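Novice:
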Amino acid sequence: MADPSGRSAPGEINSLLIWQQPHPMYFAEVEYRSFPNDTTLKAWDAILIATADFMSSYAWFNETTGVYDLGPPMYPASENTNPNATVNPAFELAYWRFGLDVAIRWKERQSLEVPAEWIQVRDNLAPLPVADDAYAIYEGIPNMWKNTTVQDHPALSAIYGLLPPPSSGPPLNLTIVQNTADKIRDLWDLNDCWGWDFPMLASK
């Protein structure tokens with residue numbers, strides 16, 4: 016998060032939050048649905064280039080696993096994990112793929128060359144982490160459904176609801192999606208939710 020001048024906004028975690036990065040892709044795609052023309056494509060092009068360039072440069076290639084990882088350090092949307100241990104958060108991985116999909120499609124709609132790095136990262140992102148047959152906040156999280164990680168924003172619900180099914184890569188496992196929704200319903204501390212948590216849950 017930043018203020019209008021580009022400085023880090025107040026808050027100790029803001030500089031380590033990454034989940035907002037694909038927002039421009041979401042907004043651009045929504046506008047294109049209503050106005051599918053060259054004016055829309057050109058208006059968003061520079062913004063999407065800069066965003067996709069950052070997203071592809073932020074992901075780092077893990078030579079051990081052969082995939083691109085997100086973090087550490089970082090905070091997931093739920094803002095309540097150890098940033099130095101948080102790697103490959105499920106919602107952020109799904110949103111990263113969505114964002115790069117949109118950026119790639121944006122270039123294709125204009126018959127322009129797609130940067131190879133965007134495709135390389137998108138096609139080799141780490142898989143969404145799973146714990147107890149449901150999506151996990153991040154890869155390797157201990158006791159996913161038995162500690163304070165079931166507090167704050169339930170962003171796992173946004174993987175299939177806020178976001179559409181992925182248009183590239185492996186499809187979502189809908190059994191795991193349903194298991195995740197069931198666990199959020201049964202185990203999440205909804206008394207600790209607020210604001211946009213509720214419309215996000217409703218979209219699921």
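In terms of our numbering, the sequence shown opens at residue 16 and continues consecutively. Each residue gets a CB set at the ideal place from its N, CA and C atoms; glycine is no exception. These numbers were taken from a predicted model, which means no experiment stands behind them.
Assign F113 to buried or exposed, taking buried as 16 or more other Cβ atoms, counted over all protein chains shown, within 10 Å of its Cβ.
Specialist: Your numbering for residue 113 matches position 98 in the sequence shown. Classification for F113: buried.
Novice: If you check the beta carbons only, do M215 and P169 fall under 9 Å apart?
Specialist: In the sequence shown, residue 215 corresponds to position 200, counting from 1. In the sequence shown, residue 169 corresponds to position 154, counting from 1. Yes, they are a contact pair.
Novice: Among T54, S93, F50, I62, whose alpha-carbon lies nearest the alpha-carbon of L205?
Specialist: To locate residue 205, count along the sequence shown from 1; it is residue 190. When each option's Cα is compared against that of L205, the closest is S93.
Novice: Assess contact between the stretch 132-143 and the stretch 96-115, defined as three or more Cβ pairs (one per stretch) separated by less than 8 Å. Is contact present?
Specialist: Contact between the stretch 132-143 and the stretch 96-115 is present, because at least three Cβ pairs lie under 8 Å.
Novice: Within a Cβ cutoff of 8 Å, which residues of the same chain sit near T66, ignoring the five residues on either side of it in sequence?
Specialist: On the sequence shown, position 51 is the one that residue 66 refers to. Contacts found: Q36, P37, P39, M40, G114, A118.
Novice: Do you know how far the Cα of V165 is from the Cα of I3?
Specialist: The structure shown does not extend to residue 3, since the chain is modelled only from 16 to 219, so the question has no answer here.
Novice: How big is the Cα-Cα spacing for T55 and K161?
Specialist: As a first step, residue 55 is located in the sequence shown; it is residue number 40 there, counting from the start. As a first step, residue 161 is located in the sequence shown; it is residue number 146 there, counting from the start. In a straight line, the C-alpha of T55 is about 46 Å away from that of K161.
Novice: Would a C-beta distance cut-off of 9 Å place Y4 and N103 closer than the cut-off?
Specialist: The chain is shown only over 16 to 219; residue 4 falls outside these bounds and no answer can be derived.
Novice: Roughly how many angstroms lie between the CA atoms of G21 and S30, to the nearest whole one?
Specialist: In the sequence shown, counting from the first residue as 1, residue 21 sits at position 6. In the sequence shown, counting from the first residue as 1, residue 30 sits at position 15. Distance between the alpha carbons of G21 and S30: 11 Å.
Novice: Taking all protein chains shown into account, do 16 or more other C-beta atoms lie within 10 angstroms of the C-beta of D167, making it buried, or fewer, making it exposed?
Specialist: Looking up residue 167 in the sequence shown gives position 152. That one is buried.
Novice: Mapping the DSSP letters down to three states, classify N162 as helix, strand or coil.
Specialist: For the purposes of this step, residue 162 is identified with residue 147 of the sequence shown, where counting begins at 1. Of the three classes helix, strand and coil, the one that applies to N162 here is coil, per DSSP.
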